[in-house]
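To convert, note that position 165 of the sequence shown is 167 in this note's numbering; the numbers rise steadily by one, no gaps. Data block below; observations after.
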Amino acid sequence: MCHRPIAVRLISARAQADCYRRPMTDISDAERAQRVELAGLYRIFDHLGWAELIYNHISAHVAGTDHFLINPYGLHYREVTASNLVKIDLDGAVVGASDYGVNPAGFVIHSAVHAARPDAVFVAHTHTTAGMAVACQEGGLRGDNFYSCLAMPRLTYHDFEGITVRTEERERLVQNLGDKNLMILRNHGLLACGKTAAACFMNLWTLQRSCEIQMAADAGRGAPIKISDAAREASARAIPVMTAQAGFGELELAALMRRMDEIDPSYRD
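Okay, structure coming up:
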């Protein structure tokens, strides 16, 4: 029997896999594939420097149910595997066997989005330095770099109400999200969603890069170069075509998944 992660000495992810793995029985092939994909996203986020100790979350709605998959509370992103992902319902109850619980803050945010947005199959929330820095700026994200022009037409905001552990905040969060797939949680961090893991990843990557470039530009000398209204409008027109493609983000995600397989394929266990 595995001990809870807080009592386990941190060693290599491959060595930990034997302890953190639970046989994936009584699940469909589709859920099994989804688990592998979601666990791969956790490893990718860690690889990109988007992990925040044991906090933050990526979740996936299990088709045909009111359940979603989320990371075990207490594990680092590099320790997440397909089999140790926790399945919970919209009330926060663990579904099936699991050695772990979930972070209440993750449940509040992700259950809100999954309940209100059936199209948001994957939801990601991060506390990256650049994302939080822009979230703390009064003006938020500016439309003065390549990626922010792609992000802003799909972007909305939610005001900070304290640590997200109160279920009554869910209604306001989803009202502010509306039908958008990108959100800046003011004073807090970033949120992105998508119909597929690839779309969710590319949405967040675009928003994250927008924030990184804004913060780097602000650290330099001189005022930012303004982008013309015509250029912004041209970018806005291209976005629906780009994001509506069936394979949106698939090439990018596949490339990173191959990289994860090279580094440590234990996420598939």
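Beta carbons: idealized from backbone N, C-alpha and C, even for Gly.
Asp263 versus Arg45 - alpha carbon distance: Counting from 1 along the sequence shown, the entry for residue 263 is found at position 261. Counting from 1 along the sequence shown, the entry for residue 45 is found at position 43. So the alpha carbons of these two residues sit roughly 10 Å apart.
Residues near Met259 by beta carbon distance below 6 Å, same chain, minus five either side: Taking the sequence shown and counting its residues from 1, one reaches residue 259 at position 257. For Met259, where only same-chain residues beyond five positions count, the Cβ hits under 6 Å are Gly42.
Residue closest to Gly108, alpha-carbon to alpha-carbon, out of Ala132, Asn86, Leu71 and Val82: For the purposes of this step, residue 108 is identified with residue 106 of the sequence shown, where counting begins at 1. Among Ala132, Asn86, Leu71 and Val82, the Cα nearest to that of Gly108 is on Leu71.
Exposure of Arg80, with buried meaning 16 or more beta-carbon neighbours within 10 Å: Position 78 of the sequence shown, counted from the start, is the residue given in the question as residue 80. With a 10 Å radius around the Cβ and a threshold of 16 neighbouring Cβ atoms, Arg80 comes out buried.
Straight-line gap, Val291 to Asn58 (C-alpha atoms, nearest Å): Since the first residue shown for the chain is 3 and the last is 271, residue 291 is missing from the structure and cannot be characterised.
Exposure label - Gly243; buried when at least 16 CB within 10 Å: Within the sequence shown, residue 243 is the residue found at index 241, counting from 1. In the sequence as presented, Gly is not what sits at residue 243; that position holds Val. Per the 10 Å Cβ criterion, exposed.
Segment contact, 8 Å Cβ cut-off, at least three pairs: the segment 97-106 with the segment 121-130: No contact exists between the segment 97-106 and the segment 121-130.
Rounded separation between Ser237 and Leu152 - CA only: For this step, residue 237 is matched to residue 235 along the sequence shown. For this step, residue 152 is matched to residue 150 along the sequence shown. Straight-line spacing of the CA atoms in Ser237 and Leu152 works out to 6 Å.
Segment limits, beta strand (DSSP E) that includes Ile46: For this step, residue 46 is matched to residue 44 along the sequence shown. Segment Asp31 to His49 is the alpha helix (DSSP H) holding Ile46; no beta strand (DSSP E) there.
Boundaries (first-last residue) of the alpha helix (DSSP H) holding Ile265: Here residue 265 refers to the residue found at position 263 of the sequence shown. Per DSSP, Ile265 belongs to the alpha helix (DSSP H) from Glu252 to Ile265.
Pairwise C-alpha distance: Arg223 and Ala118: The residue given as residue 118 occupies position 116 in the sequence shown. The residue given as residue 223 occupies position 221 in the sequence shown. Going by C-alpha positions, Ala118 is about 44 Å away from Arg223.
Closest Cα partner of Gln247 within the set Lys228, Leu206, Ala200 and Thr208: Along the sequence shown, read from residue 1 onward, the residue named residue 247 stands at position 245. Of the residues Lys228, Leu206, Ala200 and Thr208, the one whose Cα lies closest to the Cα of Gln247 is Ala200.
Residue of Ser113, Ala122 and Gly141 minimising C-alpha distance to Val167: In the sequence shown, counting from the first residue as 1, residue 167 sits at position 165. Distances from the alpha-carbon of Val167 to those of Ser113, Ala122 and Gly141 put Ser113 closest.
Bridge-paired residues (DSSP) for Val96: The count along the sequence shown starts at 1 and reaches residue 96 at position 94. Partner(s): Ile90.
Limits of the unbroken alpha helix (DSSP H) element including Val64: Position 62 of the sequence shown, counted from the start, is the residue given in the question as residue 64. Annotation for Val64: no alpha helix (DSSP H) segment contains it, and DSSP assigns it neither H nor E.
Where Gln177 falls, given that 16 or more other Cβ within 10 Å makes a residue buried: Counting from one through the sequence shown, the residue named residue 177 turns up at place 175. With fewer than 16 other Cβ atoms from the protein chains shown falling within 10 Å of its own Cβ, Gln177 counts as exposed.
Paired residues, beta bridge with Cys195 - DSSP: Position 193 of the sequence shown, counting from 1, holds the residue named residue 195. Paired residues: Val125.
Anticipated Cβ contact below 8 Å, Val97 with Lys89, distance rounded: Working through the sequence shown from its first residue, we reach residue 97 at position 95. Working through the sequence shown from its first residue, we reach residue 89 at position 87. Contact holds; Cβ gap of about 4 Å.
Beta strand (DSSP E) runs wholly inside the segment 170-240, at least 3 long, in chain order: Correct list: 184-187 and 191-196.
Gln216 vs Leu192 beta-carbon contact at 8 Å: Counted from its first residue, the sequence shown places residue 216 at position 214. Counted from its first residue, the sequence shown places residue 192 at position 190. It is not a contact, given that the beta carbons lie outside the stated cut-off.
First and last residue of the uninterrupted alpha helix (DSSP H) at His112: Translated into positions along the sequence shown, residue 112 becomes position 110. For His112, the enclosing alpha helix (DSSP H) has its first and last residue at Pro106 to Ala118.
Contact under 8 Å by Cβ, Ile156 with Leu184: As a working note, residue 156 is residue 154 in the sequence shown. As a working note, residue 184 is residue 182 in the sequence shown. The amino acid occupying residue 156 in the given sequence is Arg; Ile does not appear at that position. Taking 8 Å as the Cβ cut-off, Arg156 and Leu184 qualify as a contacting pair.
Status (buried if at least 16 other CB within 10 Å, exposed otherwise) for Asn189: Counting from one through the sequence shown, the residue named residue 189 turns up at place 187. Asn189 should be labelled exposed.
Coil, strand or helix - Phe162 by DSSP: Along the sequence shown, read from residue 1 onward, the residue named residue 162 stands at position 160. The answer is coil: DSSP assigns Phe162 none of H, G, I, E or B.
Beta carbon of Leu77 nearer than 8 Å to that of Ile60: Working through the sequence shown from its first residue, we reach residue 77 at position 75. Working through the sequence shown from its first residue, we reach residue 60 at position 58. Going by C-beta atoms, Leu77 is not nearer than 8 Å to Ile60.
Residues that Phe70 bridges to, as DSSP identifies them: In the sequence shown, the residue the question calls residue 70 occupies position 68. Answer by DSSP bridge pairing, in chain order: His63 and Ile90.
Endpoints, the alpha helix (DSSP H) within which Cys151 is located: The residue given as residue 151 occupies position 149 in the sequence shown. Note, Cys151: alpha helix (DSSP H), Phe148 to Ala153.
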